[in-house]
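The structure appears below as structure tokens.
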Amino acid sequence: MFDPTNILSRVKPAVGGETPVSISEKKKKNQTKVPPLEDYLQQRDYLGAFTLLEFQRNIGEKEEHADLWIGYCAFHLGDYKRAMEEYKSLTMKPECPAEVWVFLACALFLLGLYKEAEEAASKGRLLHLLSPPLYRILTNQSTYDIHIFTLKKDMVKHVFVVFRGGEGALQVLPPLVDVIPEARLNLVIYNLRQDDVLEAYNLIQDLVPTTPQEYILKGVVNAALGQGIGSRDHLKIAQQFFQLVGGSASECDTIPGRQCMASCFFLLRKFEDVLIYLNSVKGYFYNDDTFNFNYAQAKAALGNYKEAEEVLFFIHLHNYIMNQRGRLAWELYLKMGTSSESFSLLQLIANDCYKMGQFYYAAKAFDALEKLDPESNYWEGKRGACVGIFQLILANKESKETLKEVLSLLRNSGNPQVEYIIRALRKWAKDNRVLLS
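Numbering (this note's numbering) for the sequence shown: 959 to 1395.
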């Protein structure tokens, strides 16, 4: 669901780290080590794991249980259709484990194919393992069971609206407001994002908050309404809610708690205090437009106009990438030359382009970062981006000629995994008559 504690969204980098060891030592141990699937899975980088598995499948070097893992990653990426296809393919094999039918049933259920889901569950001999209420739901149509099944379908619809960023919210959420408590909160958030502040206020004004999330959301709504109609009373209520959360023992050292204190001081126009709290959490929001806009406003209010301008520049760049214009973002970076902001700019391009599937510019940015800090884990990001480019080539969404530049980027790294990947790419290029020289 939408997380009300996240007044500002945040994106974690698409790569993680491993214990640094010397390159020479790695070469001795892992001359031809396959890029580890476990690393991606432990970091919950399902896109990276999915891309690696597809890459290995296409070059004929499949991971053990690769089909199961591809279905697993597709499921966690929300691509239930692809997960269904993978699991269906596995069920055609005579040695298919019984649990695959369970996985297939889950994918079918989330696609709304309830009858097919029931059949798959039955084939997996799942029914006798289920709790009695769910067993009844799947095997008869009593009034009681239909009511529970309807509730479960409503919950699934609610989850889908959340995972799809609010798509279909006005059709799905209003009837669920008095059925699923979170539906009201998510509908409030949806209306805020649509700038319908009055409707958001009408939905939440009678709610008596009992959790930090509810206090924060009521604070946000009152702040938005107060600023919109010039009401000091609403702004005072918002400030009190923010202070209550940010000053509480349980929330004062959390990111939402510090955001609340920043919001409290913002409404009080104490901008030096605002920056104290924003500076303490800015590492989590370096590419978040809303956070950066508030950060720039606070700096400008204190007369730091040059710093405010630099922050606003990051918003401009982030919008390029979010609109699939990674090339323009990369060109802006090249024009900057070396500056104190260039490193942060590279990180933004690398991580956001990776997230948005613009693997070519992600690879170039990770390559530049790796050169600046060879002992870091930027290699993992570059590896994932290069494999992503190859996947796009296989899908005819990227020119085959790009493979030549991919090999050049890979050669810039001293990581021992490079040789394995380069050999695999060269073999594919030879088999498919792609010139690399």
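All C-beta atoms, glycine included, are put in the ideal place defined by N, C-alpha and C.
When Leu1260, Asp1231 and Phe1272 are compared, the shortest CA-CA separation from Asn1250 is found for Phe1272.
Between the C-alpha atoms of Leu1225 and Gly1126 there is a straight-line separation of about 33 Å. Taking a C-beta distance under 9 Å as the contact criterion, Leu1150 and Gln1171 do not qualify as a contact pair. Between Tyr1173 and Leu1193, the gap from beta carbon to beta carbon reaches 9 Å or more. Lys1073 has its alpha-carbon roughly 53 Å from the corresponding atom of Asn1370. Non-local beta-carbon contacts of Glu1044 in its own chain, meaning distances under 7 Å to residues more than five positions away in sequence, involve Asp1025, Ile1028, Gly1029 and Ala1032 in chain order.
By the Cβ rule, the region 1291-1311 counts as touching the region 1320-1340, because three or more pairs are nearer than 8 Å. Scanning its chain for C-beta atoms nearer than 6 Å, with the 5 sequence neighbours on each side dropped, one finds around Tyr1253 the residues Leu1236 and Val1269, in chain order.
Look at Ser1395 here: in three-state DSSP terms it is coil, with no helix or strand label.
The criterion of a C-beta distance shorter than 9 Å is not satisfied by Leu1161 and Leu1183. Restricted to the region 1007-1034, the alpha helix (DSSP H) segments that are unbroken, complete and at least 4 residues in length are 1024-1034, listed in chain order.
Less than 9 Å divides the Cβ of Ala1196 from the Cβ of Lys1176. In this structure, DSSP gives Ala1353 a state outside helix and strand, which the three-state scheme calls coil.
In this structure, Phe1301 sits away from Leu1260, with a CB-CB distance that is not shorter than 9 Å. Close CB contacts of Asp1247 within its chain, under the 8 Å cut and outside five residues either way in sequence, are with Ile1273, His1276 and Asn1277 (chain order). Taken atom to atom, the span from the alpha-carbon of Val1119 to that of Val1130 is near 8 Å. With respect to Leu1394, Leu1352 sits apart: the two C-beta atoms are not nearer than 9 Å.
Contact between the region 1048-1064 and the region 1001-1020 is not established, with fewer than three Cβ pairs separated by less than 8 Å.
Ser1206 sits in coil when the DSSP states are folded into three classes, being neither helix nor strand.
With respect to the C-alpha of Ala1065, the residue from Tyr1038, Ala1078 and Asn1390 having the closest C-alpha is Tyr1038. Rounded to whole angstroms, Val1392 and Leu1350 show a C-alpha spacing of 15 Å. Restricting attention to Glu1299, Pro1139 and Gln1152, the CA atom closest to the CA of Thr1168 is found in Pro1139. Here Leu1068 has Tyr1038 as same chain residues with Cβ atoms under 6 Å from its own Cβ, once five neighbours each way along the sequence are excluded. Under the rule that a run must span 3 or more residues, no beta strand (DSSP E) segment is found entirely inside the region 1327-1392.
Per DSSP, Ile1138 lies in no alpha helix (DSSP H) and is assigned neither H nor E. Contact annotation, Ala1079 with Ala1063: C-beta distance approximately 4 Å; criterion of less than 8 Å satisfied.
Counting only unbroken stretches of 4 or more residues, the alpha helix (DSSP H) elements lying wholly within the region 1239-1310 are 1247-1259, 1263-1280 and 1284-1294, in sequence order. Rounded to the nearest whole angstrom, the CA to CA distance from Ala1343 to Pro1133 is 43 Å. A Cβ-Cβ distance of about 4 Å is found for the pair Cys1218 and Gly1204, placing them in contact under the 8 Å criterion. Here Lys1264 is exposed, its C-beta having fewer than 16 other C-beta atoms within 10 Å. Secondary structure at Val1179: helix, using DSSP grouped into helix, strand and coil. By the neighbour-count criterion, in which 16 or more other beta carbons inside 10 Å mark a residue as buried, Glu1338 falls on the buried side. Between Leu1290 and Gln1198, the alpha-carbon positions lie close to 42 Å from each other. Proximity to Asp997 across Gly1186, Gly1315, Ile1279 and Arg1341 peaks at Arg1341, based on C-alpha coordinates.
Under a 10 Å Cβ-count criterion, Ser1208 is classified as exposed, with fewer than 16 other Cβ atoms of the shown protein chains found around its own Cβ. Between Gly1186 and Val1137, the C-beta gap is not smaller than 9 Å, which leaves the two residues out of contact.
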